[in-house]
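Visitor: Next up is a structure, given as structure tokens.
Number of protein chains: 2
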Amino acid sequence: MGRHTLGALEQAVMMVILALGDGAYGVAIRDELSRRTQRDHSFGAVYTTLDRLTAKELLVTHLGEPTQKRGGRAKRYFTLTGEGRKALDHAVNARHELESGLGLAGKGA
Amino acid sequence: MGRHTLGALEQAVMMVILALGDGAYGVAIRDELSRRTQRDHSFGAVYTTLDRLTAKELLVTHLGEPTQKRGGRAKRYFTLTGEGRKALDHAVNARHELESGLGLAGKGA
DNA sequence: AATTTGAATTTACTTTGTAGAAGAAATGGG
DNA sequence: CCCATTTCTTCTACAAAGTAAATTCAAATT
Chain A
1 MGRHTLGALE
11 QAVMMVILAL
21 GDGAYGVAIR
31 DELSRRTQRD
41 HSFGAVYTTL
51 DRLTAKELLV
61 THLGEPTQKR
71 GGRAKRYFTL
81 TGEGRKALDH
91 AVNARHELES
101 GLGLAGKGA
Chain B
1 MGRHTLGALE
11 QAVMMVILAL
21 GDGAYGVAIR
31 DELSRRTQRD
41 HSFGAVYTTL
51 DRLTAKELLV
61 THLGEPTQKR
71 GGRAKRYFTL
81 TGEGRKALDH
91 AVNARHELES
101 GLGLAGKGA
């Protein structure tokens, strides 16, 4: 879309990465996302988003080492770049701006 | 997308309609949206969104009467349906839920 | 080496988002 | 009167984001 606005899933994924700190790799992100969002997200959805964000340089990745357990293949971890962080903050602010003034819901869960 | 989640623009448009109360017709919505969002939205973007939301029965429309000024053709007004209101509240809550716990920006403009 | 398992990638497709031009209904001026 | 002008809406076409499902990979087990 337009210039470089973040889509809803993109924002959500970035937030989840922040929440996970290190330990933010595909499967964990997928799970945490589904938890926080209360709906299922397929791996495809998550990974394509992750790829897009990486391509936009809002995320960087580094490969971890294999763990010693069955199927413990090397995980690909994700972190926000400075730009990514900035973009997210911007998006969040814009959203708050938009919501402000309306008498909208706001209970905490 | 999945079942019937609201996209970002869809939510924004609904919020603007709430903000405008009566007086929520195409052009006004477009303008207020651009104002609150600080970016331009074409009529095309706005009207297609409006149409889609109406098709989903989250909005209803009624045609006003022509006004007595140049080009004062009848406006089409939009209002949220009960379902629409519910869907919006739901989306907003989900968003808050998602944001909670992270140390994200939050200044009021 | 074949199987199982946790993880990542690919692919195909739907829904949303965006843009711009064209069409309709109203009034005012010459 | 009829045409230019203004305000508002519709149409059409396309780009981007979201989703789902199947496939591929690599490591450990047996």
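Chains as they are written, first to last, in the UniProt record's numbering: chain A, 1 to 109; chain B, 1 to 109.
A virtual CB, placed ideally from N, CA and C, is assigned to each residue, including glycine.
On a predicted model such as this, the values are computed, not experimentally measured, just so you know.
Between which two residues does the beta strand (DSSP E) holding residue 111 of chain B run?
Guide: Chain B is shown from 1 up to 109; residue 111 of chain B falls before or after that span and cannot be answered.
Visitor: Should residue 58 of chain A and residue 76 of chain A be called a contact, given that it needs their Cβ atoms to be closer than 8 Å?
Guide: The residue given as residue 58 of chain A occupies position 58 in the first sequence. The residue given as residue 76 of chain A occupies position 76 in the first sequence. No, the pair does not count as a contact, with Cβ atoms beyond the cut-off.
Visitor: In the DSSP assignment, find the unbroken alpha helix (DSSP H) run with residue 9 of chain B in it and report its ends.
Guide: Reading the second sequence from its first residue, position 9 is the one you call residue 9 of chain B. Residues 8-20.
Visitor: Scan the region 24-37 of chain B for residues whose Cβ lies nearer than 8 Å to a Cβ of chain A and list them as they occur along the chain.
Guide: 36 and 37
Visitor: Could you give the distance in angstroms between the alpha-carbon of residue 36 of chain B and the alpha-carbon of residue 21 of chain B?
Guide: By one-based count along the second sequence, residue 36 of chain B stands at place 36. By one-based count along the second sequence, residue 21 of chain B stands at place 21. The alpha-carbon atoms of residue 36 of chain B and residue 21 of chain B are separated by roughly 15 Å.
Visitor: So, is residue 43 of chain A buried or exposed, given that buried needs 16 or more other C-beta atoms within 10 angstroms?
Guide: In the first sequence, the residue the question calls residue 43 of chain A occupies position 43. With fewer than 16 other Cβ atoms within 10 Å, it is exposed.
Visitor: Going by DSSP, what residues sit across from residue 25 of chain B in a beta bridge?
Guide: What you label residue 25 of chain B is simply residue 25 of the second sequence in a count that begins at 1. Bridge partners of residue 25 of chain B: B:77.
Visitor: Excluding five sequence neighbours on each side, which residues of the same chain lie with their C-beta closer than 6 Å to the C-beta of residue 88 of chain A?
Guide: One-based indexing of the first sequence puts residue 88 of chain A at position 88. Cβ neighbours of residue 88 of chain A beyond the five flanking positions: 14.
Visitor: Name the residue from A:68, A:46 and A:60 whose alpha carbon lies nearest to the alpha carbon of residue 10 of chain A.
Guide: Mapped onto the first sequence, residue 10 of chain A falls at position 10. Nearest C-alpha to residue 10 of chain A: A:46.
Visitor: Under 8 Å by Cβ, that's how I've got residue 30 of chain B and residue 41 of chain B pegged, so tell me the actual separation to the nearest angstrom.
Guide: Indexing the second sequence from 1 puts residue 30 of chain B at position 30. Indexing the second sequence from 1 puts residue 41 of chain B at position 41. Correct: roughly 6 Å between the Cβ atoms.
Visitor: Closest to residue 101 of chain B by CA distance: which of A:5, A:8, A:4 and A:18 is it?
Guide: Within the second sequence, residue 101 of chain B is the residue found at index 101, counting from 1. The shortest C-alpha separation from residue 101 of chain B is found at A:18.
Visitor: Look at the alpha carbon of residue 68 of chain B and the alpha carbon of residue 74 of chain B, and state the distance between them as a whole number of angstroms.
Guide: For this step, residue 68 of chain B is matched to residue 68 along the second sequence. For this step, residue 74 of chain B is matched to residue 74 along the second sequence. Straight across, the Cα-Cα distance linking residue 68 of chain B with residue 74 of chain B is about 10 Å.
Visitor: Please decide whether residue 84 of chain B counts as near chain A, where near means a Cβ-Cβ distance under 8 Å.
Guide: Locating residue 84 of chain B in the second sequence gives position 84, counting from the first residue. So, not an interface residue.
Visitor: Given this structure, state the Cα-to-Cα distance separating residue 32 of chain A from residue 7 of chain B, to the nearest angstrom.
Guide: As a first step, residue 32 of chain A must be located in the first sequence, where it is residue number 32. As a first step, residue 7 of chain B must be located in the second sequence, where it is residue number 7. If you take the alpha carbons of residue 32 of chain A and residue 7 of chain B, they lie about 21 Å apart.
Visitor: Tell me the residue span of the alpha helix (DSSP H) that contains residue 44 of chain B.
Guide: What you label residue 44 of chain B is simply residue 44 of the second sequence in a count that begins at 1. Element bounds for residue 44 of chain B: 43-55.
Visitor: In this structure, does DSSP put residue 33 of chain A in helix, strand or coil?
Guide: Numbered from 1 along the first sequence, position 33 holds the residue referred to as residue 33 of chain A. Reduced to three states, the DSSP call for residue 33 of chain A is helix.
Visitor: Going along chain A, which residues have a C-beta under 9 Å from residue 7 of chain B?
Guide: As a working note, residue 7 of chain B is residue 7 in the second sequence. In chain order: 7 and 8.
Visitor: Using 8 Å for Cβ pairs, my map puts residue 104 of chain A next to residue 92 of chain B. What's the rounded Cβ distance?
Guide: As a working note, residue 104 of chain A is residue 104 in the first sequence. As a working note, residue 92 of chain B is residue 92 in the second sequence. Right, the Cβ-Cβ distance comes to about 5 Å (below 8 Å), so this counts as a contact.
Visitor: Among A:5, A:4 and A:23, whose alpha-carbon lies nearest the alpha-carbon of residue 65 of chain A?
Guide: By one-based count along the first sequence, residue 65 of chain A stands at place 65. Here the closest residue by C-alpha is A:23.
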